[in-house]
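As structure tokens, the structure follows; a few thoughts come after it.
There are 2 protein chains.
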Amino acid sequence: MKFSCLKSELVQAIQIAGRSIASKPQTPILSGIYIHANDDGLEIQSTDYEIGVILHVKAEVEKPGEIVVSGRYFYEVVRTLPDEEVMIEYDRSTEIIKISSGKSTFTLLSMKASDFPKIIPMREGKKFTVNSVVLKELIRRTIFSCATDETRPLFMGALLEIEGNKVRMVATNSHRLSFDEGNIESELEGLSQYVIPKRILEEIQHILSSEIPEKVEITCTQSEMSFNIERLYITTRLIEGRYPEYRRAIPSEFSKRVTLSTASFLSAVSRVGLIARSSEYNTIKLMFNMGEVHIYSDNPVVGKAEETMQAAIEGDDIEIAFNASYLIDVLKIINSESFILELNDSLKPALVREPDNENFIYVITPVRTKH
Amino acid sequence: MKFSCLKSELVQAIQIAGRSIASKPQTPILSGIYIHANDDGLEIQSTDYEIGVILHVKAEVEKPGEIVVSGRYFYEVVRTLPDEEVMIEYDRSTEIIKISSGKSTFTLLSMKASDFPKIIPMREGKKFTVNSVVLKELIRRTIFSCATDETRPLFMGALLEIEGNKVRMVATNSHRLSFDEGNIESELEGLSQYVIPKRILEEIQHILSSEIPEKVEITCTQSEMSFNIERLYITTRLIEGRYPEYRRAIPSEFSKRVTLSTASFLSAVSRVGLIARSSEYNTIKLMFNMGEVHIYSDNPVVGKAEETMQAAIEGDDIEIAFNASYLIDVLKIINSESFILELNDSLKPALVREPDNENFIYVITPVRTKH
């Protein structure tokens with residue numbers, strides 16, 4: 005094997021590939037990056053059995069071939085090379101990879117390419133296309149609601165639901181729920197549901213960091229899903245099982261409705277929440293009356309905090325307590341200057357949404373407080 | 005106690021005070037910040053018994069008094085207050101501190117001011133004044149050479165030496181040594197030596213982060229040293245014992261002398277060092293001949309690295325091995341575009357210095373390699 009390519013393009017590819025290498029790989033070969041040089045350039049693969057990526061890099065291939073090299077060292081070496089061009093050559097007799105650039109020469113030990121569990125792109129399954137900006141926004145506005153404890157594995161992922169030309173993402177830990185909806189670029193028959201691990205969604209969010217809209221082709225079966233974006237292919241295992249009927253958790257009627265400034269309420273809740281932070285449920289209380297909301301918290305070992313701000317209240321006075329972080333999390337992803345809080349009573353779930361956007365819904369269960 | 009002051013000035017002071025609060029204080033009172041409001045404004049103190057700081061903040065004091073408040077909560081609360089002005093009031097009957105700003109009100113529990121081990125500024129001892137820029141530079145150019153293992157406590161600090169109008173700082177871990185010299189703003193009789201813990205020097209470096217030169221008044225006895233800078237007073241315990249005769253470790257004659265570009269050599273050593281990093285002594289080899297230096301490293305479980313760059317060599321060819329980090333550390337603090345490496349043979353200590361600066365010296369012991 006022998007090829008030359010641009011350092012910047014190679015670094016970018018192995019940086020992405022490196023993200024799907026586990027910090028403690030199950031077997032040594034999984035610490036490696038698979039490189040296949042052929043007439044089309046380079047194909048780079050990495051996997052931890054949960055997620056797998058395939059990347060393509062332009063290269064001038066003098067001699068085709070395939071190798072596996074330590075992901076960690078390969079990345080660090082290539083990243084620091086002095087020149088913009090990189091030459092890579094594999095000597096089959098010594099099993100050594102030679103990397104040259106400018107006046108630098110590195111040799112790295114290799115692993116057997118035949119031992120690498122090569123990723124086979126999905127052929128079967130439902131297919132649809134979504135804009136990368138839509139997908140990123142769905143992920144950003146929901147996954148913070150996923151559960152972190154492992155008692156309910158389904159809740160450690162987010163639900164991706166496709167119905168007609170709609171794509172929805174839902175995440176919950178059973179105390180709060182995020183729901184967001186967008187459009188896909190085609191129409192699908194029936195209703196399809198898939199549960200994607202939160203970690204994979206975070207990776208996709210990270211990989212799709214560019215602001216330039218791209219088409220993401222998604223293929224899915226009940227156990228596997230793949231994302232194809234230009235020179236990048238990601239495949240992931242799905243969480244098996246049936247996601248609960250989330251619509252039942254979204255109340256449809258409310259007796260009270262409050263409109264608040266997003267930024268002011270976020271900073272007030274953050275401040276008052278400081279005092280609540282070391283308490284069991286991180287509880288802050290909200291009291292709505294006379295066009296104002298009083299925000300307060302009380303922690304016997306630290307002290308108290310209290311703040312007042314204007315609120316447009318429709319309906320009766322109400323006092324209700326929430327986990328401060330559950331409010332802070334949603335206020336951070338609200339896109340509008342003001343937001344709407346819909347309430348029934350101090351024990352019933354409340355709803356957070358944006359004034360001119362029916363697509364996003366956040367349900368939050370109050371904390372019961374002793375009186 | 006009752007006063008008002010500017011949020012920005014209070015935050016800055018408690019941020020500095022917070023740095024001398026241990027993460028696991030020996031007693032609860034040491035987790036607190038002591039505040040004394042009097043006719044001159046506020047005096048703020050904190051200590052972990054090793055280091056102590058006293059800060060002064062301008063304030064409009066309505067009612068004098070003294071309190072101790074949890075450093076962690078006080079900082080976090082004050083930092084997030086909405087308004088530029090802060091009002092603080094202590095209610096002696098409830099032992100509660102009330103902090104108000106804009107529409108926010110916090111109350112924090114207090115601790116007994118009489119329990120706080122108040123810092124008594126040093127009266128006795130040798131006194132001299134040094135420019136803050138000189139002091140910071142002495143610290144920056146030496147303390148990275150301190151030992152990190154606790155077998156020789158003296159080497160976990162740096163030596164501050166005053167002689168005539170000279171101030172010197174020396175640090176070593178017995179494998180390498182940094183020496184730097186500057187001037188003080190007066191003249192002292194005899195030779196004085198003090199060993200300051202590395203951690204304290206790092207704190208001082210951090211606190212003196214401003215680029216504006218200030219006068220630092222230093223007072224020292226054999227067990228204690230204080231630094232007085234405008235509105236800030238720092239006092240620290242010194243490491244007891246006699247620092248070894250460091251001058252004996254600095255060779256005076258060399259048979260070879262190499263001049264190298266600082267930036268190019270730093271990046272070459274960093275690259276080649278990548279391969280050496282997981283080996284026992286992080287060893288890289290340098291071979292000087294024919295106007296070039298060959299830099300290489302060899303790690304049986306990873307691979308090899310090799311690089312060549314120009315070098316102005318005076319004297320015979322030589323091959324010598326060093327710990328790569330010991331070279332990288334000093335190359336990072338060299339101020340000149342090129343530097344001088346002086347050598348004898350491959351087993352004798354080498355010297356790194358700047359071409360037009362006699363004040364800075366770095367001694368580095370080679371690594372013995374098998375041939």
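Order-wise, the sequence lines are chains A and B.
So that you can map any letter, position 232 of the first sequence is 236 in the numbering used here, and since no number is skipped, the others follow by simple counting.
So that you can map any letter, position 300 of the second sequence is 304 in the numbering used here, and since no number is skipped, the others follow by simple counting.
Cβ atoms here follow ideal geometry from the backbone N, Cα and C, with glycine treated the same way.
It should be emphasised that the depicted structure is a prediction, and the values quoted were computed from it without experimental measurement.
Check: Below-7 Å beta-carbon distance, V82(B) vs any chain A residue; Outcome: no
Check: Contact list for the stretch 81 to 115 of chain B against chain A, Cβ threshold 8 Å; Outcome: V81, T84, L85, P86, I100, I101, K107, S108, T109, F110, T111, L112, L113
Check: Chain B contact for R275(A) (CB, 7 Å cutoff); Outcome: yes
Check: Chain-order list of residues whose beta-carbon lies under 8 Å from that of E66(A) (same chain, five-residue window excluded); Outcome: K6, F7, S8
Check: Cβ separation of L378(A) and L242(A), assumed to be a contact under 8 Å, to the nearest whole Å; Outcome: Because chain A is modelled from 5 through 375, residue 378(A) falls outside the range shown and cannot be assessed.
Check: When R145(B), G75(B), S136(B), F132(B) are compared against L113(B), the one with the closest alpha-carbon; Outcome: G75(B)
Check: Residues of the stretch 297 to 318 of chain B whose Cβ lies closer than 8 Å to any Cβ of chain A, in chain order; Outcome: V305, V306, G307, K308, A309, E310, E311, T312, M313
Check: V199(A) versus R251(A): straight-line alpha-carbon distance, rounded; Outcome: 16 Å
Check: Y79(B) in three-state terms, based on DSSP; Outcome: helix
Check: Unbroken alpha helix (DSSP H) run spanning R241(B), endpoints; Outcome: Segment 236 to 241 is the beta strand (DSSP E) holding R241(B); no alpha helix (DSSP H) there.
Check: F231(B) and L192(B) closer than 7 Å at C-beta; Outcome: no
Check: Touch test, the stretch 310 to 317 of chain A against the stretch 233 to 241 of chain A, Cβ-Cβ under 8 Å, three pairs minimum; Outcome: no
Check: Beta carbon proximity, Y79(B) to chain A, threshold 7 Å; Outcome: no
Check: Exposure of I18(A), with buried meaning 16 or more beta-carbon neighbours within 10 Å; Outcome: buried
Check: Classification of Q49(B) by the beta-carbon crowding that lies within 10 angstroms, buried from 16 upward; Outcome: buried
Check: For G168(B), the three-state DSSP class (helix, strand or coil); Outcome: strand
Check: Against chain B: residues of the stretch 15 to 34 of chain A by CB proximity under 7 Å; Outcome: none
Check: Other residues of its chain near F110(A): CB distance less than 7 Å, five sequence neighbours each side excluded; Outcome: V81, I103
Check: Cβ distance (whole Å) where L46(A) is taken to contact A63(A) below 8 Å; Outcome: 5 Å
Check: Residue interval of the alpha helix (DSSP H) (run including A315(A)); Outcome: Premise fails: A315(A) is in no alpha helix (DSSP H) and is neither H nor E.
Check: DSSP-derived helix/strand/coil call for A26(B); Outcome: coil
Check: The stretch 147 to 175 of chain A: positions lying closer than 8 Å to chain B by Cβ; Outcome: none
Check: CB contact check: L335(A) to chain B, cutoff 7 Å; Outcome: no
Check: Cβ-Cβ separation, T373(B) to A325(B) (assumed contact under 8 Å), whole Å; Outcome: 5 Å
Check: L85(B) - DSSP class collapsed to helix/strand/coil; Outcome: coil
Check: Exposure of F352(B), with buried meaning 16 or more beta-carbon neighbours within 10 Å; Outcome: It is Lys, not Phe, that sits at residue 352(B) in the sequence shown. K352(B) should be labelled exposed.
Check: L142(B) vs E167(B) beta-carbon contact at 7 Å; Outcome: no
Check: Residues, ordered as in the chain, of the stretch 227 to 261 of chain A that lie near chain B by beta-carbon distance below 7 Å; Outcome: none
Check: Inter-stretch contact at 8 Å, needing at least 3 Cβ pairs: the stretch 293 to 300 of chain B / the stretch 136 to 153 of chain B; Outcome: no
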